[in-house]
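Just so we're aligned, residue 926 is where the sequence shown starts under our numbering, counting upward by one. Just so you know, even glycine gets a beta-carbon here, dropped at the ideal spot from N, CA and C. Written out below as structure tokens is the structure these notes cover.
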Amino acid sequence: MSIRRWRSAPVPAAGDPRAESQGGVSLREEMNRGLILKFENLVQLRGACRQLRTLSYRKVHRAQWKPVQSSAHPVWSVLLYPQFWQKDKLISIALLQRRHLATKEETKKKKKMPLTKGEVEIKQKMTLEELAGAMGKGIDHIYEVLLHTDIDLDSLEPDSVLYEDHIKLIVKKSGMKYKSAKLKEEKERENTDAVKRPPADPAVLTPRPPVVTILGHVDHGKTTLLDSLRKTQVASMEAGGITQHIGAFLVHLPSGEKITFLDTPGHAAFSAMRARGTHVTDIVILVVAAEDGVMQQTIESIQHAKNAGVPLILAINKCDKPEADPERVKKELLAHDVVCEEFGGDVQAVNISALKGENLMVLAEATVALAEMLELKADSTGLVEGTIIESRKDKGKGPVTTAIIQRGTLRKGCVLVAGKTWAKVRFMFDENGKAIEAASPGIPVEIMGWKEVPSAGEEILELESEQRAHEVVAWRTYVEQQERMKRDVEVIEAKQKEHRMEYEKKQQKLAHLTWRQKKAVLYKANKHLMFSKPKERTEMDKNVLSVIVKGDVDGSVEAILNILDSYDAHSECKLEIIHFGMGDISETDISLAEAFNGVVFGFSVKANASIKQLAAKKGVKIKLHNIIYKLIEDLKDELSSRLPPSVVENTIGEASVLDTFSVTVGKNKIPVAGCRVQKGLLDKKMKFKLIRNGDAIWKGSLLSLKHHKDDVQVIKTGMDCGLSLDKYIEFSIGDKVICYEEKEVLQTTSWDPGF
926 MSIRRWRSAP
936 VPAAGDPRAE
946 SQGGVSLREE
956 MNRGLILKFE
966 NLVQLRGACR
976 QLRTLSYRKV
986 HRAQWKPVQS
996 SAHPVWSVLL
1006 YPQFWQKDKL
1016 ISIALLQRRH
1026 LATKEETKKK
1036 KKMPLTKGEV
1046 EIKQKMTLEE
1056 LAGAMGKGID
1066 HIYEVLLHTD
1076 IDLDSLEPDS
1086 VLYEDHIKLI
1096 VKKSGMKYKS
1106 AKLKEEKERE
1116 NTDAVKRPPA
1126 DPAVLTPRPP
1136 VVTILGHVDH
1146 GKTTLLDSLR
1156 KTQVASMEAG
1166 GITQHIGAFL
1176 VHLPSGEKIT
1186 FLDTPGHAAF
1196 SAMRARGTHV
1206 TDIVILVVAA
1216 EDGVMQQTIE
1226 SIQHAKNAGV
1236 PLILAINKCD
1246 KPEADPERVK
1256 KELLAHDVVC
1266 EEFGGDVQAV
1276 NISALKGENL
1286 MVLAEATVAL
1296 AEMLELKADS
1306 TGLVEGTIIE
1316 SRKDKGKGPV
1326 TTAIIQRGTL
1336 RKGCVLVAGK
1346 TWAKVRFMFD
1356 ENGKAIEAAS
1366 PGIPVEIMGW
1376 KEVPSAGEEI
1386 LELESEQRAH
1396 EVVAWRTYVE
1406 QQERMKRDVE
1416 VIEAKQKEHR
1426 MEYEKKQQKL
1436 AHLTWRQKKA
1446 VLYKANKHLM
1456 FSKPKERTEM
1466 DKNVLSVIVK
1476 GDVDGSVEAI
1486 LNILDSYDAH
1496 SECKLEIIHF
1506 GMGDISETDI
1516 SLAEAFNGVV
1526 FGFSVKANAS
1536 IKQLAAKKGV
1546 KIKLHNIIYK
1556 LIEDLKDELS
1566 SRLPPSVVEN
1576 TIGEASVLDT
1586 FSVTVGKNKI
1596 PVAGCRVQKG
1606 LLDKKMKFKL
1616 IRNGDAIWKG
1626 SLLSLKHHKD
1636 DVQVIKTGMD
1646 CGLSLDKYIE
1656 FSIGDKVICY
1666 EEKEVLQTTS
1676 WDPGF
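Right, here's the structure in full:
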């Protein structure tokens, strides 16, 4: 049937037999459904054409539209044969050429796109697609906004990451407000940290031994004083005669009294350890040598005692020497608010000789008397509280700490926590290495059983069980991680800002170039790094010293790091600490040093033969020392070796210009100076400079050097000569001609650690 006949076919009446089909369906109803379907398809076709026209218009600036005619179902065939139409057929055909512009997935995304009420939630590192979704806009809207900014659109794709400043700018130009998205917060963790017990009832307090700290300047006799009190020879065992570790000892006096002494090092490097010692002490004995008087560490020790609020006893040592002057020491201390009893103050002063053992009992009695006045008492019941004085890793015992018990009684099996590690006490030892069963308040004790080495100065708390210890350590680790993350975010943001500014500066310099020229410039700038290995890249920057620090105990490592913190010559040579820790030199240290082209410094540790052999094979330096200031001197030498040599001018001779004239050579007139050598000699092979009114106006070589009419090589003091320069310069009477040679001299670092 033709189209005309199909359109003009009469509709059967309701009573007509033809109105009933074989299946009992009315022919009229069937034709009505056909008409409705035709109308719906026409509407869909109109909508599809409008959508296609809109999409092609919106994409015209990004891609050229190339229509592709469908051979299977051309548009004209659809119009001629409406009986073949199916649902959504027109849309499929109309969008066949540019199907990727409106896929089903994108249609779903558009349906799910949230509608904003004028406020956009933004975060760092959003892509164009993410920002469009957050704003409830299409990605074309973002491109349209960026057209009105100075941002380079050619480099932006839908998955390109935008800077936070650019995100805020886009939102503002869209007439919207922004707010920072809140980070997904973890479920707030319950604080499971351990804390000290409330103050004890005064009724349960019992007397305890005083904890006494020996402070003073280096080599003023502190260790010798302790040796005499406990009849040991610690000083002879110390490297270089200098105490390098903090120690705690219990001394039994003939009267039956007990005193716990802390022997803190007097060297400048250990000021932090001395400060820590005063936080757990009750009395400070300030040792001052009678012949030296008040020194730098003496003043620091007084300040530590004042900050801790601890009373002083003055021990004037070496009074047996002929040059000793105790009265001068007392007067010098007045300037630092240390007033002895004879001057109306409250500080006891005792003249002693630690080497000969003179007046030591007088000093001990003064200490006991002051302790009685302080009425030192402690609670020896309940959970233990204490402070770590020193920690180390022993090969046979594992992690070991020296501690002072301040409350409770420590016994085997106690579960302790300190910092981010814990222990179940396996063994306890006194200052002589003898195993003990219990340690009451005021008693120093060496503790075995730690899982890891805690830091010196950490607070010790006893817990009810190992499970509780795990909870405390987990909480403290969590808190530290949160603080570290916070610091890292601040550093990252600062670095991002710095890198962005550098990038923008580079882009401004290259803005006038085409992209091909930019590529060429960047390739030339980075060509020398493209094919080099990491170690070779490190070696290219010689003004960097990477160091690994290993020490025997925590306090030693801390002291060395404190010294390195004072390094202030980074403009000469950059100092980087890439690793530090306790224990002997390991294979890991060597590998790390090789990667960073660094040096391993060890303090009171060892490196076995295999480690030394490995280091020699990999070209890694190992520096082992037992004395702190020698290690620092070696470090300064390493820093100096990385500095470029400086050129020094060594003057050989000096001559004065007495007369000037010129000589014609060919067509040129050459200025000549008549000179007399005042100092040294003039050697034609050397370099020369011309000085006028104190300024060097020329440097170079001589064209000729003559004595009378003869060409000579050398003119000595007192002789006259004529000379001309390798450059045309007019001489003036009174000018000076200096003969000199240049020598390369190794520089030394300007860093001064203070000793």
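Within the segment 1297-1376, the complete beta strand (DSSP E) segments of 3 residues or longer fall at 1310-1319, 1323-1332, 1340-1343, 1346-1354, 1369-1375, listed in chain order. Look at the beta carbons and you see the segment 1289-1299 touching the segment 1173-1184: at least three pairs across the two are nearer than 8 Å.
With a beta-carbon spacing of about 7 Å, residue 1646 and residue 1607 fall inside the 8 Å limit used to define contacts. By the CB criterion at 8 Å, residue 1401 and residue 1362 fall outside the cutoff. Around the CB of residue 1147, 16 or more other CB atoms lie within 10 Å, so the residue is classed as buried.
If you check the CB distance, residue 1309 and residue 1333 come in under 8 Å. By the Cβ-count criterion, residue 1660 is buried, with 16 or more other Cβ atoms from all chains shown falling within 10 Å of its own Cβ. C-alpha of residue 1279 to C-alpha of residue 1218: approximately 16 Å in a straight line. Looking only at 1105, 1114, 1049, the smallest Cα-Cα distance to residue 1407 is reached by 1114. Annotation: the segment 1545-1619 contains the following complete segments of the alpha helix (DSSP H) (minimum length 4 residues), in chain order: 1553-1566. Look at residue 1132 here: in three-state DSSP terms it is strand. For residue 1487, the three-state secondary structure derived from DSSP is helix. DSSP, reduced to helix, strand and coil, places residue 1273 within a strand of the structure shown. The alpha-carbon of residue 1135 is positioned some 20 Å away from that of residue 1128.
Here the alpha carbon of residue 1591 sits roughly 31 Å from the alpha carbon of residue 1579. By the beta-carbon neighbour count (other beta carbons within 10 angstroms, threshold 16), residue 1317 is buried.
Within the same chain, 1674, 1675, 1676 come within 6 Å of residue 1494 by CB-CB distance, once the 5 residues on both sides are set aside. By the CB criterion at 8 Å, residue 1240 and residue 1133 fall outside the cutoff. The C-beta of residue 1507 has 16 or more other C-beta atoms within 10 Å across all chains shown, which makes the residue buried.
In the structure shown, residue 1656 adopts coil according to DSSP, grouped into three states.
Linking residue 1568 to residue 1221 through their CA atoms gives a straight-line distance of about 32 Å. In the three-state reduction of the DSSP assignment, residue 1640 falls in the strand class. Judged by beta-carbon spacing, residue 1374 lies beyond the 8 Å limit of residue 1393, meaning their Cβ atoms are not closer than that value. Per DSSP, reduced to three states, the secondary structure at residue 1492 is coil, with no helix or strand assignment.
Cβ-Cβ separation between residue 1249 and residue 1215: approximately 4 Å, consistent with a contact (criterion under 8 Å). Per the DSSP secondary-structure output, residue 1068 pairs with nothing in a beta bridge. In the displayed model, residue 1101 falls within coil according to three-state DSSP, outside both helix and strand. A direct Cα-Cα distance of roughly 30 Å separates residue 1560 from residue 1383.
Bridge pairing for residue 1288: absent [DSSP].
Where residue 1524 is concerned, the enclosing beta strand (DSSP E) starts and stops at 1524-1528.
Put simply, the segment 1540-1551 does not touch the segment 1621-1641. Fewer than three CB pairs are less than 8 Å apart. With 16 or more other Cβ atoms inside 10 Å of its own Cβ, residue 1483 counts as buried.
Note on geometry: alpha-carbon atoms of residue 1285 and residue 1516 lie some 53 Å from one another. Its chain contains 1587, 1655, 1656 as the residues whose beta carbon lies nearer than 6 Å to that of residue 1596, once the 5 sequence neighbours on both sides are disregarded; these appear in chain order. Cβ-Cβ separation between residue 1500 and residue 1492: approximately 5 Å, consistent with a contact (criterion under 8 Å). Approximately 7 Å separates the beta-carbon atoms of residue 1150 and residue 1242; this is inside 8 Å, confirming the contact.
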